[in-house]
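**Q** Supplied in structure tokens, the structure appears directly below.
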Amino acid sequence: MRACDIIKKKREGLELADKELSYMIRGYVSGQIPDYQISAMLMAVLFKGMTGEETLSLTKLMLDSGSRIDLSGIPGPNIDKHSTGGVGDKTSIILAPLLAAAGITVPMVAGRGLGHTGGTLDKLEAIPGFRTSLSVPEFIKNLRDIGVSIIGQTGEIAPADKKLYALRDVTATIDSIPLIASSIMSKKLAEGIDGLVLDVKAGSGAFMKTIEDARKLAETMVGIGNSAGKKTVALITDMDQPIGKTVGNSLEVKECISALRGKWQDDLKELTLSLGAWMIEVAAKTVGFTFRCEGRDLANLEEYRTGLASLIENGGAFKKFVEMVSAQGGDPETVFKPALLPSARLMKQVAAGASGYIRRMDAGKIGMASMLLGAGRERITDSIDYSAGIILNRKTGDYVRSGEQVAMLYYNNERNLEEAEEIFLGGVEIGPQKPEHRKVVLEVIQ
Ligand code: URA
């Protein structure tokens with residue numbers, strides 16, 4: 002077999018056999034096939050796509066490149082949630098302790114931000130001392146002791162994906178449905194979970210810009226999960242404007258702390274409770290879990306939402322968050338006094354250029370502006386400024402007067418300030434007509 006022939010076959014749009022995919026993936030992981038040949042192969046996949054069979058084979062090969070975490074000793078249900086990546090999407094940080102407080106074990110392997118998108122690991126690392134690189138035994142200990150842990154991909158979890166993802170990042174081959182689906186699902190299936198809820202983002206701030214593409218990605222991942230015997234549900238959610246009112250690591254952690262104390266924006270609340278209710282539904286359907294709240298057995302999605310909201314109101318979720326932060330080496334003092342979290346030295350107000358309704362707040366552009374202020378990275382190896390980011394004082398549908406503050410930019414380095422402001426303003430559309438209300442959850446794929 003020759004790598005060049007396999008690349009040519011994919012370039013011509015033909016289906017690759019299992020043994021050809023295996024030759025490429027194993028060869029790449031062992032260092033026998035060089036980056037340039039895999040880059041060509043990835044580009045051929047991006048243009049020609051993959052069949053369902055090929056995507057499933059690729060997922061299995063990436064999964065089998067590493068080991069699986071054995072959660073059999075953990076009293077389940079073990080349910081995770083994964084998002085395909087967005088702007089201001091801080092839901093995992095609220096959801097993981099919230100679900101643990103509801104009696105679900107949440108073994109979460111999360112990712113870092115890339116380009117205009119943010120990442121849960123970077124956000125958590127804004128908390129002084131917080132360690133996301135726990136060993137598997139430490140991860141399992143935390144799950145057993147407190148029911149929740151959020152870590153990064155270790156060298157043992159789908160190492161083929163780790164290597165491929167870094168290469169895709171620098172070869173413009175991220176936004177391919179089979180490549181995203183196999184990347185996410187290989188990591189999730191390695192976690193040893195009972196079930197999974199996927200948040201597939203659609204819109205300007207997502208990898209999938211249209212609902213049709215998001216649906217295809219969701220169906221592909223749900224198919225892979227279910228065929229591996231893991232109950233998988235996907236929610237397609239709006240990523241046309243950032244979620245909540247903050248973008249940037251430390252700012253987002255502060256917003257999560259306030260949400261866990263019961264003060265949160267409608268869209269963040271809606272998204273978190275919807276995903277959480279589905280996680281409970283998956284637990285109920287897979288292992289017969291019963292969510293008991295205030296002495297009552299809850300029985301459907303609506304009741305699960307109410308139950309989860311009451312765990313925010315009675316402080317149960319906040320308490321679990323403090324336990325999670327402490328167990329991962331973070332300073333719990335910062336949770337009680339968020340002013341101790343990293344804060345930028347400089348800030349600049351962005352004002353509305355006209356009076357009218359905010360018709361659009363382009364999540365992609367706002368994410369890019371935040372990245373330029375220092376909150377994100379262009380390359381996986383770039384370092385980030387935890388304190389940089391944006392607070393949105395207005396969102397889509399709000400009325401603003403000319404000159405009124407729309408957002409505040411936070412930064413320590415002025416180098417990209419002008420460009421960031423320009424990009425931000427280019428993403429805000431103001432007009433006389435109030436826009437139609439956009440739903441947060443657009444579709445559910447089971
Ligand atoms: N998240 C991943 O883990 N992989 C992708 O390809 C895209 C988002």
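Residue numbers (our numbering): 2 to 447.
Just so it is clear, CB atoms sit at the ideal spot from N, CA and C, and this is done for glycine as well.
#1: Is Lys-202 helix, strand or coil by DSSP?
#2: What separation, rounded to the nearest whole angstrom, lies between the Cα atoms of Gly-32 and Gly-89?
#3: So, at 7 Å on beta carbons, what are the nonlocal neighbours of Ala-260 in its own chain, with the 5 sequence-adjacent residues on each side left out?
#4: Gly-404: buried (16+ other C-beta within 10 angstroms of its C-beta) or exposed?
#5: Hey, how far is the Cα of Phe-140 from the Cα of Ser-68?
#6: So is the beta-carbon of Lys-82 under 8 Å away from any non-hydrogen atom of the ligand URA?
#7: Using three-state DSSP, classify Arg-346 as helix, strand or coil.
#8: Less than 9 Å between the C-beta atoms of Ala-318 and Pro-98, yes or no?
#9: Give the DSSP-derived three-state secondary structure of Arg-306 in the structure shown.
#10: Which of the three DSSP states is assigned to Leu-168 in this structure?
#11: Can you tell me whether Gln-38 is helix, strand or coil according to DSSP?
#12: On the DSSP bridge list, what partners appear for Val-401?
#13: Say whether the region 163-172 touches the region 377-386, bearing in mind that this needs 3 or more beta-carbon pairs closer than 8 Å, one atom from each stretch.
#14: Please list the terminal residues of the continuous alpha helix (DSSP H) segment that includes Glu-220.
#15: Taking Asp-363 as the reference, which of Ser-275, Leu-426, Asp-214 has the closest Cα?
#16: Go through its chain and collect everything with a Cβ distance to Gly-28's Cβ below 6 Å, but skip five positions before and after it.
#17: I need the straight-line Cα distance from Ile-359 to Gln-242, nearest angstrom please.
#18: So, for Arg-361: in the same chain, excluding its five sequence neighbours on each side, which residues have a beta-carbon less than 8 Å away from its beta-carbon?
#19: Hey, is Ala-181 close to the ligand URA, as in C-beta under 8 Å from one of its heavy atoms?
#20: Output the boundary residues of the alpha helix (DSSP H) element that contains Thr-238.
#21: Are Ser-136 and Thr-155 close, meaning C-beta to C-beta below 9 Å?
#22: Thr-233 and Leu-180: beta carbons closer than 9 Å?
#23: Do you know how far the Cα of Gly-263 is from the Cα of Leu-312?
#24: According to DSSP, what are the bridge partners of Asp-298?
#25: In angstroms with no decimal places, state the Cα-to-Cα distance between Pro-339 and Ser-251.
#26: For the ligand URA, I want to know if Lys-188 counts as a neighbour, meaning its beta carbon is within less than 8 Å of at least one of the ligand's heavy atoms.
#27: Do Gln-447 and Ala-235 have their beta-carbon atoms positioned less than 9 Å apart in this structure?
#28: Measuring alpha carbon to alpha carbon, tell me which of Ser-384, Thr-133, Phe-292 ends up nearest Ile-151.
#29: Under the DSSP definition of a beta bridge, which residues are partnered with Met-109?
#30: Which residue spans inside the region 384-432 form an unbroken beta strand (DSSP E) run of at least 3?
#31: At which residues does the beta strand (DSSP E) containing Ile-80 begin and terminate?
#32: Going by DSSP, which residues form a beta bridge with Val-351?
#33: Run through the DSSP bridge pairs and tell me what Ile-446 is partnered with.
#34: Look up Met-63 in the DSSP assignment and give the residues it is bridged to.
#35: Secondary structure at Gly-89, three-state DSSP: helix, strand or coil?
#36: Is it true that the CB of Thr-174 sits closer than 9 Å to the CB of Val-323?
**A** So, to answer that:
#1: Position 201 of the sequence shown, counted from the first residue, corresponds to residue 202. If DSSP states are grouped into helix, strand and coil, Lys-202 belongs with the strands.
#2: The sequence position of residue 32 within the sequence shown is 31, counting from 1. The sequence position of residue 89 within the sequence shown is 88, counting from 1. The alpha-carbon atoms of Gly-32 and Gly-89 are separated by roughly 37 Å.
#3: Sequence index remark: in the sequence shown, residue 260 carries index 259 (1-based). Once the five neighbours on either side are set aside, the close Cβ partners of Ala-260 are Ile-95, Leu-269.
#4: As a position in the sequence shown, residue 404 is number 403, starting the count at 1. So Gly-404 counts as exposed.
#5: For the purposes of this step, residue 140 is identified with residue 139 of the sequence shown, where counting begins at 1. For the purposes of this step, residue 68 is identified with residue 67 of the sequence shown, where counting begins at 1. Answer to the nearest angstrom: the Cα atoms are 15 Å apart.
#6: Taking the first residue of the sequence shown as position 1, residue 82 is located at position 81. Lys-82 Cβ: outside cutoff for every heavy atom of the ligand URA.
#7: Position 345 of the sequence shown holds residue 346. Reduced to three states, the DSSP call for Arg-346 is coil.
#8: The residue labelled residue 318 in the question sits at position 317 within the sequence shown. The residue labelled residue 98 in the question sits at position 97 within the sequence shown. Closer than 9 Å, so yes.
#9: Reading the sequence shown from its first residue, position 305 is the one you call residue 306. Three-state result, Arg-306: helix.
#10: Within the sequence shown, the letter at position 167 stands for residue 168. Correct three-state label for Leu-168: helix.
#11: Translated into the one-based positions of the sequence shown, residue 38 becomes position 37. Of the three classes helix, strand and coil, the one that applies to Gln-38 here is helix, per DSSP.
#12: Numbered from 1 along the sequence shown, position 400 holds the residue referred to as residue 401. DSSP lists Gly-357 as partners of Val-401.
#13: yes
#14: Residue mapping note: residue 220 aligns to position 219 of the sequence shown, counting from 1. Its alpha helix (DSSP H) spans residues 212-228.
#15: Your numbering for residue 363 matches position 362 in the sequence shown. Comparing Cα-Cα distances from Asp-363 to each of Ser-275, Leu-426, Asp-214, the minimum goes to Leu-426.
#16: Position 27 of the sequence shown, counting from 1, holds the residue named residue 28. Closer than 6 Å at Cβ, skipping near neighbours: Ile-34.
#17: Your numbering for residue 359 matches position 358 in the sequence shown. Your numbering for residue 242 matches position 241 in the sequence shown. Near 11 Å, if we compare the C-alpha coordinates of Gln-242 and Ile-359.
#18: Walking along the sequence shown from the start, residue 361 turns up at place 360. For Arg-361, where only same-chain residues beyond five positions count, the Cβ hits under 8 Å are Asp-241, Gln-242, Thr-397, Gly-428, Val-429, Glu-430, Pro-436.
#19: Your numbering for residue 181 matches position 180 in the sequence shown. Before going further, note that residue 181 is Ile rather than Ala in the sequence given. Because some heavy atom of the ligand URA lies under 8 Å away, the Cβ of Ile-181 counts as near it: yes.
#20: In the sequence shown, the residue the question calls residue 238 occupies position 237. From DSSP, Thr-238 is part of no alpha helix (DSSP H) but of the beta strand (DSSP E) over 232-239.
#21: Along the sequence shown, read from residue 1 onward, the residue named residue 136 stands at position 135. Along the sequence shown, read from residue 1 onward, the residue named residue 155 stands at position 154. Cβ distance < 9 Å, so Ser-136 and Thr-155 count as in contact.
#22: The residue labelled residue 233 in the question sits at position 232 within the sequence shown. The residue labelled residue 180 in the question sits at position 179 within the sequence shown. No, they are not a contact pair.
#23: In the sequence shown, residue 312 corresponds to position 311, counting from 1. In the sequence shown, residue 263 corresponds to position 262, counting from 1. Computed Cα separation, rounded: 10 Å.
#24: As a first step, residue 298 is located in the sequence shown; it is residue number 297 there, counting from the start. Answer is Arg-293, bridged to Asp-298.
#25: By 1-based counting over the sequence shown, the position of residue 339 is 338. By 1-based counting over the sequence shown, the position of residue 251 is 250. About 9 Å.
#26: To locate residue 188, count along the sequence shown from 1; it is residue 187. Yes, Cβ of Lys-188 sits closer than 8 Å to a heavy atom of the ligand URA.
#27: By 1-based counting over the sequence shown, the position of residue 235 is 234. By 1-based counting over the sequence shown, the position of residue 447 is 446. For Ala-235 and Gln-447, yes; Cβs fall inside 9 Å.
#28: The residue you call residue 151 lines up with position 150 of the sequence shown. For the residues Ser-384, Thr-133, Phe-292, the minimum Cα distance to Ile-151 belongs to Thr-133.
#29: Indexing the sequence shown from 1 puts residue 109 at position 108. Answer is Ile-151, bridged to Met-109.
#30: 390-393, 406-412, 429-432
#31: Locating residue 80 in the sequence shown gives position 79, counting from the first residue. It spans 80-84 - the beta strand (DSSP E) in which Ile-80 sits, taken as one unbroken run.
#32: In the sequence shown, counting from the first residue as 1, residue 351 sits at position 350. In the DSSP output, where bridge partners are listed per residue, Val-351 has Ala-408.
#33: On the sequence shown, residue 446 is found 445 positions in, with the first residue counted as 1. Ile-446 is bridged to Ala-235.
#34: Taking the first residue of the sequence shown as position 1, residue 63 is located at position 62. For Met-63, which the question treats as bridged, DSSP gives no partner whatsoever.
#35: Looking up residue 89 in the sequence shown gives position 88. The answer is coil: DSSP assigns Gly-89 none of H, G, I, E or B.
#36: Indexing the sequence shown from 1 puts residue 323 at position 322. Indexing the sequence shown from 1 puts residue 174 at position 173. In this structure, Thr-174 does not lie closer than 9 Å to Val-323 by Cβ.
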